[in-house]
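The numbering of the sequence shown is the working numbering, which starts it at 70 and goes up by one.
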Amino acid sequence: MFYYISFLRPPPTATVLGAPVAFTPQVSNDLRTENFPGSVDIFYHWIDSTTGSQLSSAVKLTTWREANAYKELTVAPPPLRKPGQATLVLTSSQASGAREIDLRSLKYGKEPLPVYSTPIVFGARSAGKARKQEAVERRFRLFDSDDGGSLQVREMTSFDLDKKLWDSGVGLSGWLVRLSAEPTSNLHLKEALWDAVATETELRVVELGAGTGVVSLVLAAVRNTLYPNAPTKILSTDLPSSIELMDYNVSGNASLYPIHPPHPIVLDWDDDGIPREVADMECIDIIMAADITYNTASYPSLVGTLSRLLAHSPEAIFLLAYKQRDLTERELWSMVSEHVSITLQKVDDVVGAGGQAVEIWIGKRASQNAHPALQS
70 MFYYISFLRP
80 PPTATVLGAP
90 VAFTPQVSND
100 LRTENFPGSV
110 DIFYHWIDST
120 TGSQLSSAVK
130 LTTWREANAY
140 KELTVAPPPL
150 RKPGQATLVL
160 TSSQASGARE
170 IDLRSLKYGK
180 EPLPVYSTPI
190 VFGARSAGKA
200 RKQEAVERRF
210 RLFDSDDGGS
220 LQVREMTSFD
230 LDKKLWDSGV
240 GLSGWLVRLS
250 AEPTSNLHLK
260 EALWDAVATE
270 TELRVVELGA
280 GTGVVSLVLA
290 AVRNTLYPNA
300 PTKILSTDLP
310 SSIELMDYNV
320 SGNASLYPIH
330 PPHPIVLDWD
340 DDGIPREVAD
350 MECIDIIMAA
360 DITYNTASYP
370 SLVGTLSRLL
380 AHSPEAIFLL
390 AYKQRDLTER
400 ELWSMVSEHV
410 SITLQKVDDV
420 VGAGGQAVEI
430 WIGKRASQNA
440 HPALQS
């Protein structure tokens, strides 16, 4: 599992130039339902919201622990000489590069993941009581390049589960980055997956329950580094409420996939058919999903969706990232075996900070004579 630095009480969207900034930090699990069980030092610094250049050095903010979890803190403003915008960054280390989550490293996630506020406007005069920020951002290091190797993902501070980064999405993203660096494997399914990604021919992917879109973004960036001109179509699907945030994240990282960006589209598991964009694909090479198992009541609809996608593309590979939250969730494995003839094989664990690991599973249809779609 992973722990995330975030804001229990976010900083304001705007304030007076030179005024201190108040907020309440939080260190918790992905759903913000469980606090970090120990203590951790938190550091802060400011960056220019436009250029990304660092405006101040990292300074210790507090030693966070559950006993002071609700304490409001105040920090000195950025050293701006005139009105402008600055972004507050919270990290668990003063080390260089601590503000990025390095997906290239097996050690990422051992410490709580850093967070960026959205830009704070520092004006010449007060505009009254400013509203609190409603989003945060996290930055992921994907490649060695100083220019263009970093991915920026926005998530919302609301309680909407589809608008947050979840452990399995973070875990699968890192797994894909490391697989691209060391693709050799003695596991047949893992090799089959990589062969589908690392090809100059067309790659067609459908992600289920994409949320913020982070896994699709990472796969598109990986694909661009391998074969930037090869035809690539990645459909990032979710309910209508997720599309605006996914669109934002896709456009904000356009330099990582200038020719073939992911395409956020609506796919409701309760629908009887598949979206036109999916039907128009000649075939699907990979169906991927991360953290789609938390609601067991949705399993009949999910399995029905898988059945329809596999009826369209019987040879598709199913890539699943899973973190156990309840033992009953594993019923999905028997359901996909029985109703769509997929036997899933675990190929890796992503450990993070300990606790429940993110499990990476890959499966492929055993035969084309699978059972009909499970009716919901």
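The C-beta atom is built at its ideal place from N, Cα and C for all residues, glycine as well.
Item to check | Integer Cβ distance of residue 210 from residue 170, believed to fall under 8 angstroms | outcome: Working through the sequence shown from its first residue, we reach residue 210 at position 141. Working through the sequence shown from its first residue, we reach residue 170 at position 101. Yes, residue 210 and residue 170 are in contact; Cβ-Cβ is about 7 angstroms, under 8 angstroms.
Next on the checklist: Can you list, in chain order, the residues of its chain with a C-beta nearer than 7 angstroms to that of residue 412? Leave out the 5 residues immediately preceding and following it.
Outcome noted: As a working mapping, residue 412 is identified with position 343 in the sequence shown. Excluding the 5 residues flanking it on each side, residue 412 has same chain C-beta neighbours closer than 7 angstroms at 406, 432 and 435, in chain order.
Checklist entry - In terms of alpha-carbon separation, which member of 231, 136 and 237 lies closest to residue 426? => result Reading the sequence shown from its first residue, position 357 is the one you call residue 426. Looking at the Cα atoms, 237 is the closest of the given residues.
Checklist entry - Just the Cα atoms here: how many angstroms apart are residue 289 and residue 267? => result Position 220 of the sequence shown, counting from 1, holds the residue named residue 289. Position 198 of the sequence shown, counting from 1, holds the residue named residue 267. Between residue 289 and residue 267, the C-alpha separation is close to 12 angstroms.
Checklist entry - Cα separation between residue 200 and residue 153? => result Within the sequence shown, the letter at position 131 stands for residue 200. Within the sequence shown, the letter at position 84 stands for residue 153. Looking at the two C-alpha atoms, the distance is approximately 18 angstroms.
Checklist entry - Residues in its own chain within less than 8 angstroms of residue 79 by CB, not counting five upstream and five downstream? => result Position 10 of the sequence shown, counting from 1, holds the residue named residue 79. Counting only Cβ-Cβ distances below 8 angstroms, and skipping sequence neighbours, we find 92, 186, 201, 202, 203, 205 and 226.
Item to check | Burial state of residue 396, where buried means 16 or more other Cβ atoms lie within 10 Å | outcome: What you label residue 396 is simply residue 327 of the sequence shown in a count that begins at 1. Exposed, since its Cβ has fewer than 16 Cβ neighbours within 10 Å.
Next on the checklist: Could you give the first and the last residue of the continuous beta strand (DSSP E) run that contains residue 225?
Outcome noted: Within the sequence shown, numbered from 1, the residue matching residue 225 stands at position 156. Per DSSP, residue 225 belongs to the beta strand (DSSP E) from 219–225.
Checklist entry - Counting along the chain, where does the alpha helix (DSSP H) carrying residue 408 start and finish? => result Locating residue 408 in the sequence shown gives position 339, counting from the first residue. 400–409 is the span of the alpha helix (DSSP H), which, as asked, contains residue 408.
Checklist entry - Nearest to residue 285 by alpha carbon, out of 256, 184, 313 and 245? => result Mapped onto the sequence shown, residue 285 falls at position 216. Closest by alpha carbon: 245.
Next on the checklist: For residue 345 and residue 359, what's the separation of their Cα atoms in angstroms?
Outcome noted: Residue mapping note: residue 345 aligns to position 276 of the sequence shown, counting from 1. Residue mapping note: residue 359 aligns to position 290 of the sequence shown, counting from 1. Spanning the two alpha carbons is a distance of roughly 23 angstroms.
Checklist entry - Under 7 angstroms, do residue 428 and residue 368 count as touching if we go by C-beta distance? => result Residue mapping note: residue 428 aligns to position 359 of the sequence shown, counting from 1. Residue mapping note: residue 368 aligns to position 299 of the sequence shown, counting from 1. No.
Checklist entry - Does the Cβ of residue 329 have 16 or more other Cβ atoms within 10 Å, making it buried, or fewer, making it exposed? => result Numbered from its first residue, the sequence shown carries residue 329 at position 260. Buried, since its Cβ has 16 or more Cβ neighbours within 10 Å.
Checklist entry - At a cut of 8 angstroms, does the segment 332–344 reach the segment 305–316 through at least three beta carbon pairs? => result Below 8 angstroms, enough C-beta pairs join the segment 332–344 and the segment 305–316 to call them touching: three or more.
Next on the checklist: Taking 8 angstroms as the cut-off, does the segment 341–357 touch the segment 378–389 (at least 3 CB pairs, one atom from each stretch)?
Outcome noted: Yes: at least three Cβ pairs fall under 8 angstroms.
Next on the checklist: Suppose you measure from the CA of residue 439 to the CA of residue 375; what does that come to, to the nearest Å?
Outcome noted: Residue numbering aside, residue 439 sits at position 370 when the sequence shown is read from its first letter. Residue numbering aside, residue 375 sits at position 306 when the sequence shown is read from its first letter. Because the pLDDT at residue 439 is just 40, under 50, the model does not fix this residue reliably, and the value given afterwards should be weighed accordingly. Roughly 12 angstroms between the two C-alpha positions.
Checklist entry - Which residues mark the beginning and the end of the alpha helix (DSSP H) in which residue 432 is found? => result For the purposes of this step, residue 432 is taken as residue 363 along the sequence shown, with counting starting at 1. Unbroken run through residue 432 is the beta strand (DSSP E), 427–434; no alpha helix (DSSP H).
Checklist entry - Which one or two residues does DSSP pair with residue 206 in a beta bridge? => result Translated into positions along the sequence shown, residue 206 becomes position 137. 185 and 223.
Checklist entry - Taking the alpha-carbon positions, what's the residue 107 to residue 348 distance? => result The sequence position of residue 107 within the sequence shown is 38, counting from 1. The sequence position of residue 348 within the sequence shown is 279, counting from 1. Those two C-alpha atoms are separated by around 49 angstroms.
Next on the checklist: Rounded to the nearest angstrom, what separates residue 445 and residue 339 at their Cα positions?
Outcome noted: Counting from 1 along the sequence shown, the entry for residue 445 is found at position 376. Counting from 1 along the sequence shown, the entry for residue 339 is found at position 270. Residue placement at residue 445 is flagged as unreliable, the pLDDT there being 34, under the threshold of 50; the coordinate-derived value follows with that caveat. Distance between the alpha carbons of residue 445 and residue 339 is about 8 angstroms.
Checklist entry - Which of the three DSSP states, helix, strand or coil, is assigned to residue 348? => result By 1-based counting over the sequence shown, the position of residue 348 is 279. If DSSP states are grouped into helix, strand and coil, residue 348 belongs with the helices.
Checklist entry - Can you check whether the CB of residue 156 is closer than 7 angstroms to the CB of residue 111? => result Taking the sequence shown and counting its residues from 1, the one referred to as residue 111 is at position 42. Taking the sequence shown and counting its residues from 1, the one referred to as residue 156 is at position 87. No, the pair does not count as a contact, with Cβ atoms beyond the cut-off.
Checklist entry - Could you give the residue range of the beta strand (DSSP E) that holds residue 353? => result Within the sequence shown, residue 353 is the residue found at index 284, counting from 1. Taken as a continuous stretch (DSSP letters only), residue 353 belongs to no beta strand (DSSP E), as it is neither H nor E.
Next on the checklist: My output table needs one value for residue 75: the three-state DSSP class, helix, strand or coil.
Outcome noted: Mapped onto the sequence shown, residue 75 falls at position 6. Strand, per DSSP.
Checklist entry - Considering only the beta carbon of each residue, do residue 220 and residue 293 sit closer than 7 angstroms? => result Reading the sequence shown from its first residue, position 151 is the one you call residue 220. Reading the sequence shown from its first residue, position 224 is the one you call residue 293. Going by C-beta atoms, residue 220 is not nearer than 7 angstroms to residue 293.
Next on the checklist: Whole angstroms are fine: how far does the CA of residue 230 sit from the CA of residue 98?
Outcome noted: As a first step, residue 98 is located in the sequence shown; it is residue number 29 there, counting from the start. As a first step, residue 230 is located in the sequence shown; it is residue number 161 there, counting from the start. Distance between the alpha carbons of residue 98 and residue 230 is about 13 angstroms.
Checklist entry - Just checking my contact of residue 184 with residue 159 at CB under 8 angstroms: how many whole Å lie between their CB atoms? => result Sequence index remark: in the sequence shown, residue 184 carries index 115 (1-based). Sequence index remark: in the sequence shown, residue 159 carries index 90 (1-based). Confirmed, about 5 angstroms.
Checklist entry - Below 7 angstroms between beta carbons: does that hold for residue 300 and residue 271? => result Taking the sequence shown and counting its residues from 1, one reaches residue 300 at position 231. Taking the sequence shown and counting its residues from 1, one reaches residue 271 at position 202. Closer than 7 angstroms, so yes.
Checklist entry - By how many angstroms is the C-alpha of residue 139 removed from the C-alpha of residue 132? => result As a first step, residue 132 is located in the sequence shown; it is residue number 63 there, counting from the start. As a first step, residue 139 is located in the sequence shown; it is residue number 70 there, counting from the start. Within the model, the alpha-carbon separation for residue 132 versus residue 139 is close to 13 angstroms.
Next on the checklist: Under DSSP, the alpha helix (DSSP H) around residue 264 begins and ends at which residues?
Outcome noted: The residue given as residue 264 occupies position 195 in the sequence shown. That run of the alpha helix (DSSP H) goes 257–266.
Next on the checklist: Residues in the same chain with beta-carbon distance under 7 angstroms from residue 394, minus the five sequence neighbours each way, listed in chain order, please.
Outcome noted: Here residue 394 corresponds to residue number 325 of the sequence shown, with the count starting at 1. Taken in chain order, the residues that qualify are 363.
Checklist entry - Which residues in the same chain as residue 389 place their Cβ atom closer than 6 angstroms to its Cβ, once the five residues preceding and following it in sequence are excluded? => result By one-based count along the sequence shown, residue 389 stands at place 320. Result list for residue 389: 358 and 430, in chain order.
Checklist entry - Is it true that the CB of residue 278 sits closer than 7 angstroms to the CB of residue 305? => result In the sequence shown, residue 305 corresponds to position 236, counting from 1. In the sequence shown, residue 278 corresponds to position 209, counting from 1. The answer is no: Cβ separation not under 7 angstroms.
Next on the checklist: Does residue 250 pass the burial test, meaning 16 or more other C-beta atoms within 10 Å, or should it be called exposed?
Outcome noted: As a working mapping, residue 250 is identified with position 181 in the sequence shown. Exposed, by the Cβ-count rule.
Item to check | Whether residue 172 touches residue 240 by CB criterion (7 angstroms) | outcome: Locating residue 172 in the sequence shown gives position 103, counting from the first residue. Locating residue 240 in the sequence shown gives position 171, counting from the first residue. Going by C-beta atoms, residue 172 is not nearer than 7 angstroms to residue 240.
Checklist entry - Can you round the beta-carbon distance between residue 70 and residue 424 to whole angstroms, since I take them to be within the 8 angstroms contact cut? => result By 1-based counting over the sequence shown, the position of residue 70 is 1. By 1-based counting over the sequence shown, the position of residue 424 is 355. Correct: roughly 4 angstroms between the Cβ atoms.
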